[in-house]
Structure formats: C-alpha cells, structure tokens
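J.: First, the structure itself, so that you have it in front of you.
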C-alpha cells in the first residue's frame with residue numbers, strides 16, 4: 011500500500027507521498043509515488059499514484075511517452091487546462107486497463123489504481139483532481155479542499171479538523187506530515203522516505219521539493235512532539251465519573 | 011459498517027460499540043452490536059459483532075438457543091474457560107456460514123463477520139479474543155491488549171499511543187470514546203448511540219453499562235474538547251522552516 015495527500019489552498023498546492031510498496035511482507039521496496047511535469051512559466055503538474063505498482067508505473071510511462079512524442083498529439087504538456095489533463099490521465103488509465111486487466115484477472119489480481127493530479131496551467135487557478143481505476147475523476151472544491159489515496163483512514167481525523175483553504179502552505183505541510191506520521195505508526199505498509207512538494211499559486215513551477223527520511227530534523231521533531239502532544243491532550247481531559 | 015473496541019487491562023475489560031448499521035446510505039438503522047451473557051459470580055461474557063447484520067444476528071441467535079437448551083449441551087454458559095467459549099462462538103460462525111454463505115454468494119454478498127469475545131470465567135483471568143469469518147480466532151496479549159473490529163483505522167492512532175495494560179478502566183474508557191469520536195467524525199457509517207461496558211477483574215459480572223447518545227454530558231465534553239485539544243496541539247507545533 012501507500013499513502014498520498016494532495017491539498018488545494020488559497021496560496022497553492024501541497025502534495026505528500028510515501029514510497030513504500032510491497033507484495034507480501036517479505037518483499038518491501040521503496041519506489042517514489044510522485045511524478046512531476048514542468049514547463050516553467052506555463053504549467054506544473056504533479057501525479058501521485060497508489061495501488062498496484064506495475065499499473066501505476068505503466069500509467070506514468072504512457073503519459074511520459076505521449077509527452078515526449080510529437081507536439082501535435084494530445085498530452086499533459088499541451089493540455090489547455092487541468093480538466094483536460096485529468097481526462098488524458100484517465101485515458102492512460104483506461105489504456106493500461108485494456109492491456110493488462112484480463113491477464114491480471116486470470117491471476118486473481120484486481121485492476122486497481124488510484125491517482126491524484128494537481129497543478130496549475132497558465133490562464134487558470136491551481137486545481138486538484140482524484141482519478142479512479144475506471145479513468146473517471148472528481149475535482150476538489152472549497153468545501154473539500156483535499157484528497158487522499160491509499161491508506162487514508164489513519165491520517166484523516168487530523169486533516170478533517172485542520173485543513174481549510176485559508177491556511178498557509180507551511181501549515182498545510184505540517185498537517186500533512188502529522189497525518190503521515192499517524193499512518194506510518196499504525197500501518198507497516200507505508201514507509202519512508204517521503205516526498206513533499208509545494209506549488210505556490212501562479213509560480214508555474216515546483217516551488218520546493220523536500221525529500222524526507224528518518225533523519226530529517228523537522229519530521230523527527232513532528233514525530234516526537236505530536237505523540238507527546240496527543241498523550242498530553244489525552245491526560246488533560248478529565249476521566250469519566252459515572 | 012460499525013466500530014467496536016475491546017480492551018484487556020490489568021483492572022479488567024472495557025468494551026465499546028456503536029449501533030449504526032446500513033444497507034446503502036438511504037437505509038440506516040440503529041441496532042445494538044453488543045450481547046452479554048452473565049452468570050453472576052461464575053462468568054460474564056460479552057460479544058461485539060461487526061459485518062453483515064443478518065449474519066451477526068444469526069450467530070447471536072445460535073449462541074442464545076444453545077445457552078437456553080439442555081444443560082448438557084456445550085454452550086457459552088457451561089464453557090469451562092474462555093478459550094473454549096471462543097471455540098463455541100467460532101462453531102456458531104461456521105454453522106451460519108454453512109447455512110447462508112452459498113445463498114449470499116448468489117447475490118454477490120460476501121460472508122463477512124468479525125467478532126470480539128471478552129469476559130471472565132471463574133478460575134481464570136479476564137481474556138479477550140477476536141474471531142474471524144472462518145471461525146478461527148486470536149487472543150489479546152500483554153503487548154497487544156486491544157482489538158478493534160469494523161471501521162477501525164480512523165480511531166487507531168490514539169489507541170496505539172495510549173493503551174497499556176497498566177492504565178485504569180476509566181482512562182481506557184476515555185481513550186475508547188476519543189477513538190470512537192474520531193471514527194464518527196470521519197465516517198458516516200458509524201453512529202450513536204454507543205454501548206460502553208466495564209468488567210472489573212474478578213467481579214464476574216458487568217460492573218457498569220453506559221448507553222451514550224448525543225446528549226451524554228461526558229461524551230459531549232470529549233467531542234468538543236478533544237477537537238479543541240487537537241487543534242491546539244497542532245498550532246503549538248512550529249511550522250517548518252526549509
């Protein structure tokens with residue numbers, strides 16, 4: 011499994027992914043789940059993937075091949091807007107489905123892919139989409155300004171309480187890292203290193219990419235102090251008197 | 011769905027269950043998920059159930075019928091110890107499986123049942139078991155003194171950080187209620203009222219049963235102050251400086 015979060019804020023986008031992939035507990039590997047397409051000044055797109063790694067990699071490959079092909083072909087680098095880019099990612103998902111789904115089924119493997127597409131294309135605001143195995147997708151709104159894919163439940167309570175479109179990118183990153191910490195603690199199939207990306211509104215490029223491993227001082231501080239803070243908050247609440 | 015927790019502590023057992031059951035979002039009902047068998051002074055057993063409600067109710071019915079039948083038949087009221095009681099619950103699960111699984115399969119419904127059995131039988135310490143759809147089961151230990159069934163992920167991080175066998179029953183109840191609150195907030199398919207049961211070690215009876223609805227003052231306080239405490243803890247942590 012994996013855990014990825016995308017947040018859409020007034021100031022821009024924050025994206026966080028882990029890098030654990032596994033096929034049984036004796037076969038745990040580290041693969042990045044984040045792919046970036048950038049044409050500075052014109053567009054920046056980030057794709058986060060969860061689910062079967064072979065499927066995720068195949069989808070990214072199809073998208074890369076298209077982007078490298080002739081200018082005239084529809085691809086992520088010439089999509090006129092992010093909605094159209096999401097359609098093109100959905101088409102790549104369907105292409106891989108058509109190629110692999112039957113063969114996978116014969117081995118009892120379900121075709122599952124779950125993706126987050128985020129970014130900004132010149133002429134419109136930053137946007138955030140979640141794309142499903144069927145190639146269809148939904149877009150984040152002011153009321154639901156975030157998407158999670160993969161092992162999303164452990165880390166959802168803190169996001170539900172904190173994320174509003176008005177918070178800063180740094181606060182959103184802090185929340186994403188706390189959410190990731192809760193997931194790492196409760197689920198073995200999510201693991202370091204993490205990729206954290208900031209896309210500032212109208213910068214049209216990745217503003218900052220931080221690779222976070224176990225020695226990263228800020229994340230180490232979060233891991234230690236958030237546990238303490240939770241235990242402190244727990245002890246501050248009175249016990250029941252029945 | 012549902013969410014139930016069982017905790018095994020030095021002082022005894024704490025059990026908490028919600029009461030939401032649904033078949034599609036337009037058909038949400040309230041059914042208790044907790045069944046108690048008590049022979050004061052000799053034994054107390056509590057069963058929590060998650061999964062398909064028809065299956066859960068059928069299992070409880072089989073167990074009740076056996077308990078009401080002739081003294082000589084093996085049932086929960088004459089099991090010599092809790093391990094044997096868990097075997098008898100597992101047998102009931104298998105009996106319902108044999109009766110219903112094929113018919114359910116024809117309608118594309120998987121046979122799923124997930125149960126927690128907790129209690130104490132005279133002559134041994136309190137024990138806690140988790141029983142699976144196949145009728146097999148595992149027992150809680152000093153290292154893992156709790157089980158969750160149903161929508162367990164949202165509420166796991168706080169339990170992972172707080173529950174140790176040495177904490178008091180009241181502290182464990184507070185932790186269970188916080189865990190339930192996180193689940194209620196993030197998942198519509200878990201709902202009030204809650205059943206909270208305390209079994210004090212060697213009391214050989216239910217020490218206290220509390221039915222908790224939206225007006226319950228302690229739970230209302232938890233809901234309000236835990237959110238505040240989380241947000242406070244979040245704001246107390248410094249933002250990243252990259």
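Chains as they are written, first to last, in the working numbering: chain C, 11 to 252; chain B, 11 to 252.
In this text, a Cβ means the ideal position worked out from N, Cα and C, and glycines have one as well.
It should be emphasised that the depicted structure is a prediction, and the values quoted were computed from it without experimental measurement.
1. How do the stretch 128–147 of chain B and the stretch 225–237 of chain C stand: do at least 3 beta-carbon pairs fall below 8 Å, yes or no?
2. Which ranges does the alpha helix (DSSP H) cover as unbroken runs of at least 4 residues, wholly within the stretch 63–134 of chain C, from first to last along the chain?
3. Identify, in the order they occur along the chain, each residue of the same chain with its Cβ nearer than 8 Å to the Cβ of residue 76 of chain B, setting aside the five sequence neighbours on each side.
4. Pairs of beta-carbons, one from the stretch 16–25 of chain C and one from the stretch 173–180 of chain C, closer than 8 Å: are there three or more?
5. Might you give, ordered along the chain, the residues of its own chain that have their beta carbon closer than 6 Å to the beta carbon of residue 69 of chain C, omitting 5 neighbours on each side?
6. Residues of chain B with CB under 7 Å from residue 183 of chain C, in chain order?
7. Taking CB distances under 8 Å as the criterion, tell me whether residue 243 of chain B reaches chain C.
8. By the 10 Å Cβ neighbour count, where 16 or more other Cβ atoms means buried, how is residue 236 of chain B classified, buried or exposed?
9. Can you name, in chain order, every residue of its own chain whose Cβ lies under 7 Å from the Cβ of residue 274 of chain C, other than the five neighbours on each side?
10. Please name the residue, chosen from C/30, C/222, C/49 and C/51, that lies closest to residue 62 of chain C on a Cα-to-Cα basis.
11. When you compare the CB positions of residue 15 of chain C and residue 124 of chain C, do they come within less than 8 Å of one another, or not?
12. Can the beta-carbon of residue 201 of chain B be found less than 8 Å from the beta-carbon of residue 28 of chain B?
13. Taking Cβ positions only, does residue 167 of chain C come closer than 8 Å to chain B?
14. Name the DSSP bridge partner or partners of residue 207 of chain C?
15. Give a yes or no on whether the minimum CB-CB distance between residue 72 of chain B and chain C is below 8 Å.
16. Give a yes or no on whether the minimum CB-CB distance between residue 240 of chain C and chain B is below 8 Å.
17. From residue 211 of chain B to residue 193 of chain C, what distance separates their C-alpha atoms?
18. Of the residues B/64, B/92 and B/81, which one's Cα is nearest the Cα of residue 147 of chain B?
19. Just how far apart, CA to CA, sit residue 79 of chain B and residue 154 of chain B?
20. Between residue 19 of chain C and residue 129 of chain C, what straight-line distance do the alpha-carbon atoms span, to the nearest angstrom?
T.: Well, looking at it:
1. The stretch 128–147 of chain B, when compared against the stretch 225–237 of chain C, does not touch it at the 8 Å Cβ threshold.
2. As far as the stretch 63–134 of chain C is concerned, its whole alpha helix (DSSP H) runs of at least 4 residues are 63–78 and 92–116.
3. Cβ neighbours of residue 76 of chain B beyond the five flanking positions: 83, 84, 85, 86, 98 and 102.
4. Output reads yes: the stretch 173–180 of chain C touches the stretch 16–25 of chain C.
5. Excluding sequence neighbours, residue 69 of chain C sits near 102, 103 and 106.
6. Within 7 Å Cβ-Cβ: 250.
7. With 8 Å as the cut-off, residue 243 of chain B counts as an interface residue toward chain C.
8. Flag for residue 236 of chain B reads buried.
9. Residue 274 of chain C falls outside the range modelled here, since chain C spans only 11 to 252, and no answer is possible.
10. With distances taken between Cα atoms, residue 62 of chain C lies closest to C/30.
11. No, these two residues do not count as a Cβ contact at 8 Å.
12. Yes, they are a contact pair.
13. With respect to chain B, the C-beta atom of residue 167 of chain C has a partner C-beta closer than 8 Å.
14. Partner(s): C/25 and C/219.
15. No, because no Cβ of chain C sits closer than 8 Å to the Cβ of residue 72 of chain B.
16. Residue-level contact by beta carbon holds for residue 240 of chain C and chain B, with a gap shorter than 8 Å.
17. Here the C-alpha atom of residue 211 of chain B lies approximately 33 Å from the C-alpha atom of residue 193 of chain C.
18. Comparing C-alpha distances from residue 147 of chain B to each of B/64, B/92 and B/81 shows the shortest one belongs to B/92.
19. Spanning the alpha carbons of residue 79 of chain B and residue 154 of chain B requires a straight line of approximately 36 Å.
20. Distance from the CA atom of residue 19 of chain C to the CA atom of residue 129 of chain C, rounded to whole angstroms, is 12 Å.
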